[in-house]
Amino acid sequence: MSRAKVYEDFGKSVFIEEMLEAARLMSERGWAERNAGNMSCIIPGSDAARYFDPDQVKRAFKLDLNIKELSGMFFLITATGSYFRKLKIDPAKGLGVVRVSLDGNRLELLWGFENGAAPTSEMRMHFMGHIVRLKKDPNHKVILHTHATNTIVMSINGALDEKAFTRALWRMHSECVVVFPEGVGLVPWMVPGTQEISAATAQKLEDFRLIIWPLHGIIGTGSSIDEAMGLIETVEKTAEIYIKSMGLTELPQFLTDKQVLDTAARFDLKPKQGILEL
Ligand code: 13P
Ligand code: ZN
33 MSRAKVYEDF GKSVFIEEML EAARLMSERG WAERNAGNMS CIIPGSDAAR
83 YFDPDQVKRA FKLDLNIKEL SGMFFLITAT GSYFRKLKID PAKGLGVVRV
133 SLDGNRLELL WGFENGAAPT SEMRMHFMGH IVRLKKDPNH KVILHTHATN
183 TIVMSINGAL DEKAFTRALW RMHSECVVVF PEGVGLVPWM VPGTQEISAA
233 TAQKLEDFRL IIWPLHGIIG TGSSIDEAMG LIETVEKTAE IYIKSMGLTE
283 LPQFLTDKQV LDTAARFDLK PKQGILEL
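For the sequence shown, our numbering begins at 33 and goes up steadily by one.
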């Protein structure tokens, strides 16, 4: 006699717990006004098998891009229009678990997105980004996008191109070169949610785990929510220091390029070349 498999409640899983915590932090820090920000996280197949009946597809979302590289993979992703400050009230509405179809043209919904919710308008960037980061780092799992306030303010300074932005961060706070020795990527301003911004961001993710969207926000990636969030927090905190230091009347004492290099060397890190000026 065959016995039906009993699946664990995904709503009580650590995946949901960690995403709700990230949403809470972003919201409390003022980075998640209204529906600002979106998140996605790979759910390993072994975990997915504990929570989801692979034959119970609730709905499907047609994609206007092909992501065959991710076929069969499971993602926890935020819903478009979801308010992060309210995510914990009804996680099964603001979050969904989708499996990429075998042909890579569809997302199959296995959990969540209740009441007709759908994946974030930035899902192209998330999926294209996951494809790139997985090639760079087999442990990659998470992409976070948030409207980090000080990072946006710093991005208003048009004199800060990609290299100058990285240099300013490295010189402003001793830990920056250790946390992101590869620097930060920066794409020109583009309309949110488009193929254009998604492709440009994915291209930058070849070289960086952090991407600045000028006048909009930041993308952080990593092998866990903690790692992606830690990268974003470090940039955001340093951007705050940068902005506050601009008001100082005395001659500001930033780190010299030698001090930045000495700090990196202490941790056996080689900062990306061509950024510092010595
Ligand atoms: P979504 O609500 O569609 O995720 O959009 C929020 C956002 O930050 C767009 O860049
Ligand atoms: Zn945004």
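For every residue, glycine included, the Cβ atom is placed at its ideal position computed from N, Cα and C.
- With respect to valine 132, glycine 104 sits close: the two C-beta atoms are nearer than 8 Å.
- Under DSSP, glycine 62 takes part in no beta bridge, so it has no partner.
- The alpha-carbon separation between proline 86 and leucine 142 amounts to approximately 8 Å.
- Where threonine 198 is concerned, the enclosing alpha helix (DSSP H) starts and stops at 194–204.
- With a cut-off of 8 Å on Cβ pairs, the stretch 145–165 is not in contact with the stretch 207–215, counting fewer than three such pairs.
- Per DSSP, the unbroken alpha helix (DSSP H) holding threonine 233 starts and ends at 227–236.
- Note on glycine 126: 16 or more other CB atoms within 10 angstroms of its CB, so buried under the neighbour-count rule.
- The closest heavy atom of the ligand ZN lies less than 7 Å from the beta carbon of proline 224.
- Annotation: glycine 43 is outside any beta strand (DSSP E) and is labelled neither H nor E by DSSP.
- 8 Å or more divides the Cβ of asparagine 67 from the Cβ of glycine 128.
- Annotation: the continuous beta strand (DSSP E) that includes asparagine 70 extends over 70–75.
- The secondary-structure analysis by DSSP pairs arginine 131 across a beta bridge with Phe106 and Glu140.
- Contact annotation: glycine 217 and phenylalanine 240 have beta-carbon atoms nearer than 8 Å.
- DSSP places alanine 54 in the helix class (H, G or I) of the three-state scheme.
- The stretch 269–288 and the stretch 181–190 touch, with no fewer than 3 CB-CB distances between them shorter than 8 Å.
- Not one heavy atom of the ligand ZN is found less than 7 Å from the C-beta of histidine 158.
- For alanine 297, the secondary structure class from DSSP, reduced to helix, strand or coil, is helix.
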